[in-house]
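S.K.: Dumping the structure here so I can ask a few things about it.
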Amino acid sequence: MTMQPSRSLSEISANGAKYNNLPLNIFSKLASASTEKETLQTIVEIVYQTLKCDRAVVYSMQSESMCKITAEAVTPGYAEILGTTIKDPCFEARYIDKYQRGRVSAITNIYEAGMSPCYVENLTKIDVKSNLVVPLTAPDNSLYGLLVTHQCVRTRQWQQTEIEFLLSVADWTMKQMFQQKATLDLEQQISSNKQTQELLNEITREIYGAATSEEVLQIAVDRGKEILNCDRVVVYGLQSGNQGEIVAEATIPALASILASVIKDPCFEYRYIDRYQQGRVRAISNIYEAGMTDCYVDNLAKIGVKANLVVPINRDNGEIYGLLVAHHCFSFKDWQDSEIENFKQIGFHAGLSLSKAKLKEQSVLVEMGLRELNNTHNKINQAQTKIQQIDKPMQNTKRVLVEIDNLNKLLAREINLINHNSSSETKKDIKLISIIARKMAMNSSKLRESLSDVNRDRNEAQDVLKQAREDYRDRDRELAPSPLDN
């Protein structure tokens with residue numbers, strides 16, 4: 001960003017014949033100066049060329065007795081002191097106050113000005129014979145430093161116009177520098193706000209992308225701790241009465257974990273629940289000076305808390321789920337408005353996402369149930385197919401048994417006829433055949449009984465399958481999505 005030189009500075013530098021011969025590129029250079037260092041360097045060059053002095057410098061105050069040369073324009077052959085830090089015990093504290101109130105020092109001859117010997121000695125080391133000093137005063141009236149000109153080749157009587165010029169340059173310089181600083185601060189703030197908003201958008205996407213309530217809460221504490229750069233962030237899930245549980249936590253390694261701690265807090269008056277449900281936020285920079293009850297302070301002190309920030313987590317129906325809490329444990333902290341607002345946003349989106357995550361969890365359960373139903377349905381169909389496969393052999397077996405019965409009856413009748421008309425030897429053979437026939441009849445009877453058992457089991461299996469099908473249809477209707485869910 002470029003800054004245009006003020007009209008007053010241009011006018012002052014052009015006043016009188018001795019000031020109207022400045023190179024035009026000086027102001028072009030000043031216009032392009034965008035930093036404190038560039039501005040100061042350009043200003044000393046303007047002063048050096050305008051006043052035709054041997055050296056022009058800026059002394060930036062470091063402490064009451066120390067300063068640093070942060071800009072310099074000097075005639076070749078004389079000592080260069082740019083970057084030098086000067087410890088000047090002769091520069092007494094009272095001079096700071098005087099320069100802060102506008103003191104100007106115009107010295108024609110340093111050896112005749114009544115200055116302390118050590119100050120004269122310091123100036124002599126850099127060949128100074130005359131100097132002109134004006135203050136650089138910040139907008140808050142603090143002393144930034146001094147704008148100084150040195151005459152080295154000979155002594156010099158400083159003119160009133162020269163003093164006024166240097167004062168005007170000093171005033172313009174400080175306004176220009178702090179305008180640049182304000183612009184830079186604003187740009188940095190805008191950039192920081194943009195980065196923070198991008199981070200919040202990223203956090204929001206993560207929260208809404210979570211598949212479960214546990215993931216939602218863990219993302220909230222992890223990213224909340226990151227954006228606040230604090231020591232611990234927890235979710236305090238509210239339960240019945242005055243009891244709650246720490247259901248999510250992000251903490252630095254130096255702190256003991258309090259995850260899953262069940263806290264029965266008689267100090268947490270339940271009128272606060274309604275307030276938090278309505279959006280209450282509490283930012284406490286020092287728990288010992290916040291006017292809280294002693295037991296509440298003791299509870300926080302037990303887990304190392306010195307400052308905390310509390311925002312609500314409300315579901316999308318307005319019902320409060322719990323609190324998102326940030327802890328600062330190793331020092332007190334003044335929570336900034338931007339930090340509070342960012343933390344509120346995380347708590348807000350976590351609350352909305354809890355309901356969505358719950359729906360996702362229910363959807364997963366429904367899908368699992370439907371898969372189980374499909375598996376059951378397949379098993380029912382397979383069992384029914386097997387039963388149908390058994391039916392045909394059973395029917396064939398029944399026909400065979402009928403034929404065997406008929407043959408047994410026929411055989412028994414023939415045996416009786418033969419037995420009446422046969423000899424004793426033949427009767428022996430008939431007796432053996434009769435025994436075999438009875439054995440066949442017994443086996444046939446057992447086979448019939450077995451077939452009856454199989455048939456009974458088959459009927460029972462069909463009853464079970466019928467009931468399973470009815471249960472399947474009922475469960476399918478339960479899991480079917482409602483039109484209201486869309």
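One point on numbering: in UniProt numbering, the residue at position 353 of the sequence shown is 353, and numbering is uninterrupted. Glycine included, every Cβ here is placed at the ideal spot set by N, Cα and C. No experiment lies behind these values; they were computed from the predicted model shown.
Looking at the secondary structure, which residues open and close the beta strand (DSSP E) in which cysteine 67 lies?
M.R.: The residue you call residue 67 lines up with position 67 of the sequence shown. That run of the beta strand (DSSP E) goes 66-74.
S.K.: Only counting the same chain, and skipping five residues up and downstream in sequence, which positions put a Cβ closer than 8 Å to that of asparagine 141?
M.R.: Your numbering for residue 141 matches position 141 in the sequence shown. Closer than 8 Å at the Cβ level, and outside the excluded window around asparagine 141, lie Gln100.
S.K.: Below 8 Å on the Cβ atoms is my contact criterion, and I expect serine 213 with leucine 354 to pass it. Report the Cβ-Cβ distance as a whole number of Å.
M.R.: Residue 213 sits at position 213 when you count from the first residue of the sequence shown. Residue 354 sits at position 354 when you count from the first residue of the sequence shown. Indeed they touch by this definition, with Cβ atoms about 6 Å apart.
S.K.: For residue 489, which of helix, strand or coil comes out of DSSP?
M.R.: Residue 489 lies beyond the range of the chain shown here (1 to 486); nothing can be said about it.
S.K.: Kindly list the residues whose CB is nearer than 7 Å to the CB of threonine 137, restricted to its own chain and excluding five residues on each side of it in sequence; keep chain order.
M.R.: As a first step, residue 137 is located in the sequence shown; it is residue number 137 there, counting from the start. Taken in chain order, the residues that qualify are Gln100, Leu143, Tyr144 and Met174.
S.K.: Just the Cα atoms here: how many angstroms apart are tyrosine 78 and threonine 124?
M.R.: Locating residue 78 in the sequence shown gives position 78, counting from the first residue. Locating residue 124 in the sequence shown gives position 124, counting from the first residue. The alpha-carbon atoms of tyrosine 78 and threonine 124 are separated by roughly 12 Å.
S.K.: How far does the beta strand (DSSP E) with glutamine 151 in it reach, from first residue to last?
M.R.: Reading the sequence shown from its first residue, position 151 is the one you call residue 151. Counting along the chain, the beta strand (DSSP E) containing glutamine 151 begins and ends at 143-151.
S.K.: Could you tell me the boundaries of the beta strand (DSSP E) in which glutamate 249 lies?
M.R.: Here residue 249 is taken as the residue at index 249 of the sequence shown, counted from 1. 243-251 is the extent of the beta strand (DSSP E) around glutamate 249.
S.K.: Name the two residues that bound the continuous beta strand (DSSP E) containing threonine 85.
M.R.: If you number the sequence shown from 1, residue 85 lands on position 85. Taken as a continuous stretch (DSSP letters only), the beta strand (DSSP E) holding threonine 85 covers 85-87.
S.K.: Here's a check: name, in chain order, each residue in its chain whose Cβ is nearer than 6 Å to the Cβ of glutamate 339, leaving out the five neighbours to either side.
M.R.: Here residue 339 refers to the residue found at position 339 when the sequence shown is read from its first residue. Correct list, in chain order: Leu228.
S.K.: Quick test of your reading: alanine 350 and leucine 217, contact by CB under 8 Å. State the CB separation rounded to the nearest angstrom.
M.R.: On the sequence shown, position 350 is the one that residue 350 refers to. On the sequence shown, position 217 is the one that residue 217 refers to. The Cβ separation is near 7 Å, so the contact holds.
S.K.: So does the segment 37-56 actually touch the segment 189-197, counting three or more Cβ pairs closer than 8 Å?
M.R.: Not touching, per the Cβ criterion.
S.K.: Comparing C-alpha positions only, which one of Tyr236, Ser240, Gln278 and Ile273 sits nearest to alanine 260?
M.R.: As a first step, residue 260 is located in the sequence shown; it is residue number 260 there, counting from the start. When each option's Cα is compared against that of alanine 260, the closest is Tyr236.
S.K.: Can you tell me which of the three DSSP states glycine 224 falls into?
M.R.: The count along the sequence shown starts at 1 and reaches residue 224 at position 224. Glycine 224 falls in the helix class under three-state DSSP.
S.K.: Would you kindly work out how many angstroms separate the C-alpha atoms of aspartate 185 and arginine 232, rounded to a whole number?
M.R.: Within the sequence shown, numbered from 1, the residue matching residue 185 stands at position 185. Within the sequence shown, numbered from 1, the residue matching residue 232 stands at position 232. If you take the alpha carbons of aspartate 185 and arginine 232, they lie about 30 Å apart.
S.K.: Hey, out of Leu147, Ser105, Asn342 and Val247, whose CA is closest to serine 192's CA?
M.R.: In the sequence shown, counting from the first residue as 1, residue 192 sits at position 192. Residue Asn342 is the option with its Cα nearest to serine 192.
S.K.: Would the beta-carbon of isoleucine 258 fall within 8 Å of that of valine 234?
M.R.: As a working note, residue 258 is residue 258 in the sequence shown. As a working note, residue 234 is residue 234 in the sequence shown. Taking 8 Å as the Cβ cut-off, isoleucine 258 and valine 234 qualify as a contacting pair.
S.K.: What is the DSSP secondary structure of aspartate 334, reduced to helix, strand or coil?
M.R.: Here residue 334 refers to the residue found at position 334 when the sequence shown is read from its first residue. In the structure shown, aspartate 334 sits in coil (DSSP, three-state: anything other than H, G, I, E or B).
S.K.: Note down the Cα distance separating glutamate 319 from lysine 333, rounded to an integer number of angstroms.
M.R.: Within the sequence shown, numbered from 1, the residue matching residue 319 stands at position 319. Within the sequence shown, numbered from 1, the residue matching residue 333 stands at position 333. Using only the alpha carbons, I get a separation of about 30 Å.
S.K.: Cα-Cα, which of Ala326, Val44 and Gln157 is closest to leucine 82?
M.R.: Translated into the one-based positions of the sequence shown, residue 82 becomes position 82. For leucine 82, the nearest C-alpha among the options comes from Val44.
S.K.: Here's the rule: buried if 16 or more other CB atoms are within 10 angstroms of the residue's CB, otherwise exposed. What is threonine 85?
M.R.: Here residue 85 refers to the residue found at position 85 when the sequence shown is read from its first residue. When all chains shown are included, threonine 85 counts as exposed.
S.K.: Considering only residues of the same chain and omitting the five flanking positions on each side of cysteine 67, which have a CB-CB separation below 8 Å?
M.R.: For the purposes of this step, residue 67 is taken as residue 67 along the sequence shown, with counting starting at 1. The residues are Tyr59, Ser60, Met61, Thr85, Ile86, Asp88, Phe91, Gly145 and Leu146.
S.K.: Thinking just about the alpha-carbon of each residue, which of Asn131, Glu289 and Lys344 is nearest to the one in valine 311?
M.R.: On the sequence shown, position 311 is the one that residue 311 refers to. Here the closest residue by C-alpha is Lys344.
S.K.: Taking DSSP as the reference, what is the three-state secondary structure of methionine 3?
M.R.: Indexing the sequence shown from 1 puts residue 3 at position 3. Annotation note: pLDDT 32 at methionine 3 (below 50); position unreliable, no value reported.
S.K.: What is the rounded straight-line gap between the Cα of tryptophan 158 and the Cα of valine 134?
M.R.: Here residue 158 refers to the residue found at position 158 of the sequence shown. Here residue 134 refers to the residue found at position 134 of the sequence shown. Approximately 13 Å, taken between the alpha carbons.
S.K.: List the DSSP bridge partners of valine 57.
M.R.: Working through the sequence shown from its first residue, we reach residue 57 at position 57. According to DSSP, valine 57 bridges with Glu72 and Val148.
S.K.: Have a look at tryptophan 172 and valine 74 and give me their C-alpha separation to the nearest angstrom.
M.R.: Position 172 of the sequence shown holds residue 172. Position 74 of the sequence shown holds residue 74. Answer to the nearest angstrom: the Cα atoms are 22 Å apart.
S.K.: Which residues bound the alpha helix (DSSP H) around tyrosine 296?
M.R.: Within the sequence shown, numbered from 1, the residue matching residue 296 stands at position 296. Where tyrosine 296 is concerned, the enclosing alpha helix (DSSP H) stretches over 294-302.
S.K.: Going by C-alpha distance, which of Ile313, Thr35 and Ala307 is nearest glutamine 278?
M.R.: Counted from its first residue, the sequence shown places residue 278 at position 278. When only C-alpha atoms are compared, the closest one is Ile313.
S.K.: Work out the CA separation of leucine 166 and valine 47 for me, nearest whole Å.
M.R.: If you number the sequence shown from 1, residue 47 lands on position 47. If you number the sequence shown from 1, residue 166 lands on position 166. Going by the C-alpha atoms only, they are around 7 Å apart.
S.K.: Once DSSP output is grouped into helix, strand and coil, what is the label at serine 105?
M.R.: For this step, residue 105 is matched to residue 105 along the sequence shown. In the structure shown, serine 105 sits in a strand (DSSP, three-state: E or B).
S.K.: By DSSP, does valine 44 sit in helix, in strand, or in coil?
M.R.: Taking the first residue of the sequence shown as 1, we reach residue 44 at position 44. Helix at valine 44.
S.K.: Once the 5 residues before and after phenylalanine 348 are set aside, which same chain residues still bring their CB inside 7 Å of it?
M.R.: Taking the sequence shown and counting its residues from 1, the one referred to as residue 348 is at position 348. For phenylalanine 348, where only same-chain residues beyond five positions count, there are no Cβ hits under 7 Å.
S.K.: By the three-class DSSP mapping on this structure, what secondary structure does glutamate 269 have?
M.R.: On the sequence shown, residue 269 is found 269 positions in, with the first residue counted as 1. Legend: pLDDT at glutamate 269 = 48, less than 50; position of this residue unreliable, no value from coordinates given.
S.K.: With 16 as the cutoff for other CB atoms within 10 Å, does serine 116 come out buried or exposed?
M.R.: By one-based count along the sequence shown, residue 116 stands at place 116. Flag for serine 116 reads exposed.
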